[in-house]
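Data block below; observations after.
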Amino acid sequence: MLITHFDMTYRYFVWVSLIGNAIGAFASLVAGLADRWGRANLVVYGLLIAALLVLFGLPNAADKTTYLVLFALVSFIEGIVLVATPALIRDFSSQLGRATAMGYWTMGPVIGSLVVTTFTSNTLDSATWQDELRYSAIASLVITYRPRRGGGQRPSRGPTRGP
Numbered sequence: 204m205l206i207t208h209f210d211m212t213y214r215y216f217v218w219v220s221l222i223g224n225a226i227g228a229f230a231s232l233v234a235g236l237a238d239r240w241g242r243a244n245l246v247v248y249g250l251l252i253a254a255l256l257v258l259f260g261l262p263n264a265a266d267k268t269t270y271l272v273l274f275a276l277v278s279f280i281e282g283i284v285l286v287a288t289p290a291l292i293r294d295f296s297s298q299l300g301r302a303t304a305m306g307y308w309t310m311g312p313v314i315g316s317l318v319v320t321t322f323t324s325n326t327l328d329s330a331t332w333q334d335e336l337r338y339s340a341i342a343s344l345v346i347t348y349r350p351r352r353g354g355g356q357r358p359s360r361g362p363t364r365g366p
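Quick note on numbering: the sequence shown equals residues 204 to 366 in the numbering used here.
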């Protein structure tokens with residue numbers, strides 16, 4: 204559907220994927236900023252930016268070149284997030300146990316792919332490729348903004364003063 208919509212050749216479509224993957228790989232080098240900006244910030248804001256690009260950018264691309272540029276931007280963000288995520292999981296593994304935490308992180312993409320395949324196979328007959336992108340972006344925004352337990356307050360770890 205995407206190839207037909209933009210009148211892409213198969214070769215161009217493959218190049219879009221290759222360029223996106225290469226940019227994502229090089230963007231992983233930027234994830235070294237995780238220590239300065241914070242891993243959680245990179246993951247949460249990266250997910251937010253990627254979701255907004257997928258919601259408003261990719262479905263509204265005017266031509267195949269614009270689609271390529273937007274796809275490259277999404278790949279750049281994903282490259283950073285995918286490198287910051289395992290370290291973030293490791294940071295929180297003391298709360299779950301390292302094996303359990305890494306197991307959840309490993310199973311996430313597998314289960315996510317199964318959910319996406321099931322959802323797409325049930326909606327593709329009545330939806331366009333733009334709608335499918337919007338559905339995934341909305342799901343990402345819901346994950347980004349879901350309420351957190353405890354109101355997001357951290358307990359104080361500093362020294363306490365007596366009376």
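Cβ atoms here follow ideal geometry from the backbone N, Cα and C, with glycine treated the same way.
- For Leu317, the three-state secondary structure derived from DSSP is helix.
- Rounded to the nearest whole angstrom, the C-alpha separation of Phe216 and Val284 is 24 Å.
- One Cα belongs to Ala264, the other to Ala253, and the distance between them is close to 15 Å.
- Across the set Ala342, Ser297 and Gly306, the C-alpha of Ala342 shows the shortest separation from the C-alpha of Val319.
- Put simply, the backbone Cα of Val246 is about 18 Å away from that of Phe274.
- Contact annotation: Leu291 and Arg242 have beta-carbon atoms nearer than 8 Å.
- Judged by DSSP secondary structure, Val286 falls within the alpha helix (DSSP H) whose first and last residues are Lys267 to Leu299.
- Counting only runs of 4 or more residues that sit fully inside the stretch 204-272, the alpha helix (DSSP H) segments are 205-208, 213-230, 237-240 and 242-255, in chain order.
- Taking the CA atoms as reference points, Ile346 sits about 31 Å from Phe209.
- Contact check for Gly282 against Ala230 passes: the beta carbons are separated by less than 8 Å.
- In this structure, Ala287 is the residue among Ala287, Leu258, Thr269 and Thr212 with its C-alpha nearest to the C-alpha of Gly227.
- Spanning the alpha carbons of Trp218 and Thr326 requires a straight line of approximately 28 Å.
- Note that the C-beta distance between Arg337 and Leu258 is below 8 Å.
- Between Gly249 and Ile206, the C-beta gap is not smaller than 8 Å, which leaves the two residues out of contact.
- Scanning its chain for C-beta atoms nearer than 7 Å, with the 5 sequence neighbours on each side dropped, one finds around Gln333 the residues Pro262, in chain order.
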